[in-house]
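Notes for the one structure printed next.
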Amino acid sequence: IDQIDELAEISELTDKNSNKISEIDLLQATLKQIIQFVGSHNVKEIWAINVGNSLKIKHYVLLLQNGNYICSCLSIIQTGIICRHYFQVMLNTKNAVFHIQFIPSRWYNIGKNGLQEPFLIADKFMQEDQYITYDKRLTVLDQQIIYGKLHGMYKKALNKALKNSSKSEELINLLQEFAEDEDDSQMDQIFEEDISDKKNEENVESSVPILQNPRKKCGKGRPVGTKRFKSSCEVSRTKTKMQRYCKQCGKVRHYQKNCKEKTTK
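Residue numbers (the UniProt record's numbering): 1 to 265.
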């Protein structure tokens, strides 16, 4: 880790002197940023490659534990092209390998993915019957992409499972079996059995009617217990208490039978 910190400080100093070089050889990320992105525990080796005849400007190539690499030019990430800095490392160590899946899948023929193709090293390091097979381990970028896809699919599956108790139990059992199963080769058989069981359950469920709550109908008018909204043209009136008026004299607080003016007349 101390050596990585020293190399990171050197890379930051070389970035300041990289203004006069061509755009192709510009450093797109410092060594410290790349290490933070991939994690120091995933780094196998770090190589510094001089750019042209310059002794100050360097690119840093990080060889990862899973056989992949990342360069400070970020050509493999931004354009999908393997940079010349990595090929220079391949000529100096057999730990730098090439795999056909370094090339983006859009350039493949239909029906070919290159998963079974072996890793290749430089010819001068090759020996008879020496090859490295692809172990289907994912890169850091692949993990982030697959995480996003799985997260979206999990949301859809969860919303679908919450509508039916049988489907929710089915999803729980699938996730539990996947988390506890150590042998990946048995997962294909489990998925095939679950798919057949799912089809049988759907056929049974389709024949049984599902009872649901009746639809609610909203009546016309204002709901009970709510206040009426007054119109903008409506004049607001203050409420007054109802009072009794006498028919004889027209005064309040008494009526015609108790009117004193009637008795006086």
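Positions of the beta carbon are idealized from the N, C-alpha and C atoms, including for glycine.
| message | Between which two residues does the alpha helix (DSSP H) holding residue 32 run? | response | 31-38
message = Within a Cβ cutoff of 6 Å, which residues of the same chain sit near residue 37, ignoring the five residues on either side of it in sequence?
response = For residue 37, same chain residues with a beta-carbon under 6 Å away, outside a window of 5 residues either side, do not exist.
Report task. Would you kindly work out how many angstroms separate the C-alpha atoms of residue 114 and residue 179, rounded to a whole number? Result -> 28 Å
The beta strand (DSSP E) spanning residue 60 covers which residue range? 58-64
Checklist line | DSSP-derived helix/strand/coil call for residue 87 | finding: helix
Worksheet item: At which residues does the alpha helix (DSSP H) containing residue 173 begin and terminate?
Response: It spans 165-180 - the alpha helix (DSSP H) in which residue 173 sits, taken as one unbroken run.
Problem set entry | 6 Å Cβ shell around residue 243 - same chain, five flanking residues per side excluded | 252
Margin query: Let me check understanding here. Comparing Cα to Cα, which of 58, 67, 102 lies closest to residue 77?
Written below: 102
Between which two residues does the beta strand (DSSP E) carrying residue 81 extend? Note, residue 81: premise wrong, no beta strand (DSSP E); not H, not E.
Taking the straight line between their C-alpha atoms, what separation do you get for residue 215 and residue 40?
60 Å
I need the boundaries of the beta strand (DSSP E) containing residue 46, first residue and last residue. 43-50
Taking the straight line between their C-alpha atoms, what separation do you get for residue 71 and residue 59? 7 Å
| request: Throw me the rounded Cβ distance for the residue 161 and residue 155 pair, which I believe falls under 8 Å. | output: The pair is not a contact, with the Cβ atoms about 11 Å apart (cut-off 8 Å).
Inset, instruction - Just tell me which of 84, 225, 64 has its CA closest to the CA of residue 45. - result: 64
6 Å CB neighbourhood of residue 89 in its chain, flanking five on each side removed
Same-chain partners within the cutoff: 47, 61, 96.
**Asked** CA-CA distance, residue 128 and residue 169?
**Response** Confidence in residue 128 is poor, its pLDDT being 46 and thus under 50, which makes the residue's placement unreliable; the coordinate value appears in the next sentence. Each residue's alpha carbon lies about 54 Å from the other.
With DSSP collapsed to three states, give me the class of residue 245. strand
(Q) For residue 71, report the span of its beta strand (DSSP E) as first-last. (A) 69-71
| In three-state terms, what does DSSP make of residue 267? | Residue 267 lies beyond the stretch modelled for the chain, which goes from 1 to 265, so this question has no answer here.
Exposed or buried, residue 221, counting other C-beta atoms within 10 Å across all chains shown (16 or more means buried)? exposed
Check: In the DSSP assignment, what residue or residues form a beta bridge with residue 252?
Finding: 245
Distance between residue 79 and residue 104 (C-alpha atoms, nearest Å): 9 Å
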